[in-house]
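Sequential numbering of the sequence shown, starting at 13, is according to the numbering used here.
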Amino acid sequence: MVCTVVAGGFWGDEGKGKVISYLALKDKVDVCVRTGSVNAAHTIYFEGRRYALHMVPSTFVYDKCRLLIGPGVNVHVPQLLKEIRETGVEGRVGVDRQASIIEPKHSAMDKSDSHLRSLGTTGWGVGPAVQERAKRSAKLAKDVPELKSFLADVSEEVNAAIDANKTVVLEGTQGLMLSLYHGSYPYVTSRDTSAAAICSESGVGPSRVDTVLVVFKAFITRVGAGELPGELSKEEAVRRGWFETAAGTGRERRSAPFNFNLARRVAKIHGATEAAVTKLDILFPSCKNATSYDQLLPEAKDFLAKVEKATGVPVTIVGTGPGALDIIDRRSSL
Ligand code: IMP
Ligand code: MG
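Encoded structure:
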């Protein structure tokens, strides 16, 4: 495993933050590039603390990892600086000179535009910021004095790391069903969320990637408007223990059972080579905190086998609890 892309399965919130933080500690990830923008929060439980990171890469838990913000990102400067302080990573963050800046006016536009309201956007302003970038009038990181000490050439750095056989993670956000191109348009985010787009936003060509890890949750959740096949009532979601609220906005998430047909399509478009399944302990409580496959009940093993059959790739990482190390890692048995 040299260069791994981590991409989301359905409508985001699958636990990419947790999976990436595990990889950081286990594989000693040297360099991570965060893509996307501030609308996506990645939740990490580490050393007794909970972090909901909108900007800083989830690999920050490994203290030698270089933390990069790719050129495709819309940087929310106050949020980035706040997270850098909270995580204490000032000396190892780099922001690409060409990353664009998301400003208060973009959030105001997001919150006042009736069309965007009807889609149930997060209100952070990412759609309007992308619009401004496409118009080629966006402010870039190199124009922001507070970012001066962090400026970097991310594609140079990350490609040099790959050349040197270092361990690299490209961190995706959201899930394929929120992709501007492949998702349930118009109820999608303002960018492509596929593995290929994560590479493009980081400045890494497709031939340089070794592993495409698609992260699924054992059930599906969605925030905002748009279809959700098999959607449960809130009462049923609560009864099953599937009811969640969003890490970023606090909104209630809708939920539905895992969708094997959709998983097949998602894995194909991402070009997945491996899958992760998180929150298996929510479907099968006896799995809680398991760290070996042998500890799983036959029903849980059957579920993972069905995911493998649908996606055509091995389920290598299984989440069994919120902590970064509540993981079954089957990669060595590949
Ligand atoms: P926007 O990305 O804020 O424009 O919102 C567009 C749609 O994407 C809305 O349905 C949001 O709820 C959804 N969305 C954006 N970011 C995330 C995320 O990180 N997790 C889940 N849904 C998201
Ligand atoms: Mg999230």
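C-beta atoms are modelled at their ideal positions from N, C-alpha and C, and glycine is treated no differently.
**Asked** Hey, is residue 51 close to the ligand IMP, as in C-beta under 6 angstroms from one of its heavy atoms?
**Response** Within the sequence shown, the letter at position 39 stands for residue 51. The answer is yes for residue 51.
**Request:** With a 10 Å radius around its C-beta and 16 neighbouring C-beta atoms as the bar for buried, classify residue 375 as buried or exposed.
**Result:** Any property of residue 375 remains undetermined from this structure, which presents the chain solely from 13 to 346.
**Request:** Please classify residue 229: does DSSP put it in a helix, a strand, or coil?
**Result:** The residue given as residue 229 occupies position 217 in the sequence shown. In the displayed model, residue 229 falls within a strand according to three-state DSSP.
**Prompt:** Do you know offhand how far residue 33's Cα is from residue 80's?
**Reply:** Looking up residue 33 in the sequence shown gives position 21. Looking up residue 80 in the sequence shown gives position 68. Their Cα atoms are separated by approximately 15 angstroms.
**Asked** What is the C-beta distance between residue 150 and residue 174, in whole angstroms, given that I count them as a contact (C-beta under 8 angstroms)?
**Response** For the purposes of this step, residue 150 is identified with residue 138 of the sequence shown, where counting begins at 1. For the purposes of this step, residue 174 is identified with residue 162 of the sequence shown, where counting begins at 1. Residue 150 to residue 174, Cβ: 28 angstroms. No contact.
**Request:** Say whether the region 308-326 touches the region 255-264, bearing in mind that this needs 3 or more beta-carbon pairs closer than 8 angstroms, one atom from each stretch.
**Result:** Touching, no, given that fewer than three Cβ pairs across the two stretches are closer than 8 angstroms.
**Prompt:** Contact check, residue 332 vs residue 292 under 8 angstroms by CB: the rounded distance?
**Reply:** Taking the first residue of the sequence shown as 1, we reach residue 332 at position 320. Taking the first residue of the sequence shown as 1, we reach residue 292 at position 280. The beta carbons of residue 332 and residue 292 sit about 6 angstroms from each other, so the pair counts as a contact at 8 angstroms.
**Request:** Note down, one range per segment and in chain order, each alpha helix (DSSP H) of at least 4 residues found wholly within the region 208-294.
**Result:** Secondary structure within the region 208-294: the alpha helix (DSSP H) runs of 4 or more consecutive residues, fully enclosed, are 246-252 and 272-282 (chain order).
**Request:** Measure the alpha-carbon distance for residue 240 versus residue 206 and round it to whole angstroms.
**Result:** Numbered from 1 along the sequence shown, position 228 holds the residue referred to as residue 240. Numbered from 1 along the sequence shown, position 194 holds the residue referred to as residue 206. The C-alpha of residue 206 is placed about 19 angstroms away from the C-alpha of residue 240.
**Message:** Quick check: what's the CA-CA separation for residue 142 versus residue 313?
**Reply:** Within the sequence shown, the letter at position 130 stands for residue 142. Within the sequence shown, the letter at position 301 stands for residue 313. One C-alpha to the other measures close to 42 angstroms.
**Request:** Check whether the region 55-68 touches the region 212-222, counting contact only when three or more Cβ pairs, one atom from each stretch, lie closer than 8 angstroms.
**Result:** Segments in contact, no.
**Request:** Return the CA-CA distance between residue 153 and residue 119, expressed in angstroms with no decimal places.
**Result:** What you label residue 153 is simply residue 141 of the sequence shown in a count that begins at 1. What you label residue 119 is simply residue 107 of the sequence shown in a count that begins at 1. C-alpha separation (whole angstroms): 18 angstroms.
**Request:** List the endpoints of the continuous alpha helix (DSSP H) containing residue 323.
**Result:** To locate residue 323, count along the sequence shown from 1; it is residue 311. Residues 310-323.
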